[in-house]
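Have a look at the structure below before the remarks.
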Amino acid sequence: MASYATKVKNDIGRWVESGLVDRATGDALVRDVEANERNGLNFGSILAIMAALLFAAAILILVAANWEAIPRAARVCALFAVIFVGYVGGAVLKQRDHGGFAEALWLIGAAAFGGSIALIGQMYHFSGDEASAVVTWSIGTAIAAAALRSNALTVAAVGIADAWLVMKGFELFRRSEFPHLFITFMAVFWALSFWTQSRAARHLIALSVILYAVLLGFHYESLEVGLVLALVSAALLAVAALAPAASEHIAQLGGRLPLHALIGFLSGMGMVQLDQIDDGGFVIAAAVALAVIATVIVFLGREGRGLRWIAYVGFAFELAVIYLVTVGSMLGTAGFFFAAALILAGLAYAIIRIERRMKSQPAQGAA
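Numbering (this note's numbering), first residue to last: 1369 to 1735.
Right, dumping it as structure tokens:
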């Protein structure tokens, strides 16, 4: 059965031939349909991609098992055959308007590519560590994503790069230098996500940059890195509140820039509080965090339920941490909560008055 997008494009062609719309308008409509088709996945496509991920996991497990009973040449040829079928077969399905199955085959091809790197290095004892192989896998997947304009491969390239960051950041294999190059990868993949029209990849990149900053802080100075992360995130929150249309036009995150910025702010302030847990700076950082969370709820809470829930969880977490840190002085804890309640109440009263005045100004002007 033809997809909805295919039917619409056929109808547009018929309208152009019958003179109902001109050729330029018809071409513009077709481009719009194709652009929105790339951003959407139906239930069948999602199941196909899930099946592809399971198949990819099976390939990688087989590689890890060494396939001792299969000759080396046969193993290599089998993996290259899977790569060829995955990429070429996916391209053929894409031409026939089976986008979900095409993305699924491309994911299988990318998994086979990663398995080939591991297997060839394993069989022929090439020099290099596992992290370098993962970097090569990520770069190769990104090149395939650019060539095929694949949403799923773009997400996969970012995910593989995240695996490299975790491997190096947590030093799973051996002590080594922190992967500063990761941020360059994210910048390149961010640009790639616009070419492949992968909003999901941009969401993952935003979260990956926050993870990078957190790991960077644990490796170096959590106070300085946390402050920078919190300040940058607060600036993004302000931009999203003051210029929502412009910020969305640049970021194209489906209106979820404030959500990522709030996660970044809470992560940064958490690092600052962890560093200052035995000093007076902890209370100041906690007060700032609570004030910003409350401001976000008031000014940006309407943007989405996810943002509100992140703010609520962050607020509750801040209160719990304050209690645990100051549990030795119950009077001090009660005093802090009392002062914070008064500040928030005053802030809420001021915001309500400002919003009422802003709503009344257009009416007065019209009168």
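For glycine and all other residues, C-beta sits at the position ideal for the given N, C-alpha and C.
CA-CA distance, T1552 to W1558, rounds to 10 Å. Its chain contains F1650, A1653 as the residues whose beta carbon lies nearer than 6 Å to that of Q1641, once the 5 sequence neighbours on both sides are disregarded; these appear in chain order. In this structure the segment 1666-1676 lies against the segment 1623-1640, because at least three pairs of beta carbons, one per stretch, are closer than 8 Å. Counting only runs that start and end inside the segment 1639-1691, the alpha helix (DSSP H) elements of at least 4 residues fall at 1649-1668.
Scanning the segment 1568-1618 for uninterrupted alpha helix (DSSP H) segments of 4 residues or longer gives 1590-1610, listed from N- to C-terminal end. The beta carbon of I1578 sits closer than 8 Å to those of L1597, H1628, I1631, G1632, S1635, all from its chain and outside the five residues before and after it, given in chain order. Using a C-beta cut-off of 8 Å, the segment 1480-1490 makes no contact with the segment 1513-1523, since fewer than three inter-stretch Cβ pairs fall below that distance. When Cβ pairs closer than 8 Å are counted between the two stretches, the segment 1531-1538 is seen not to touch the segment 1560-1571, the count staying below three. Taken through DSSP and simplified to helix, strand or coil, P1626 comes out as helix.
The continuous alpha helix (DSSP H) containing D1530 extends over residues 1519-1537. A buried status is given to M1637, since no fewer than 16 other beta-carbon atoms sit within 10 Å of its beta-carbon.
Annotation: D1647 to V1693 spans about 11 Å, alpha carbon to alpha carbon. Sorting V1523, N1519, V1681, G1483 by C-alpha distance to the C-alpha of T1504 places G1483 at the top. For S1561, the enclosing alpha helix (DSSP H) has its first and last residue at 1550-1563.
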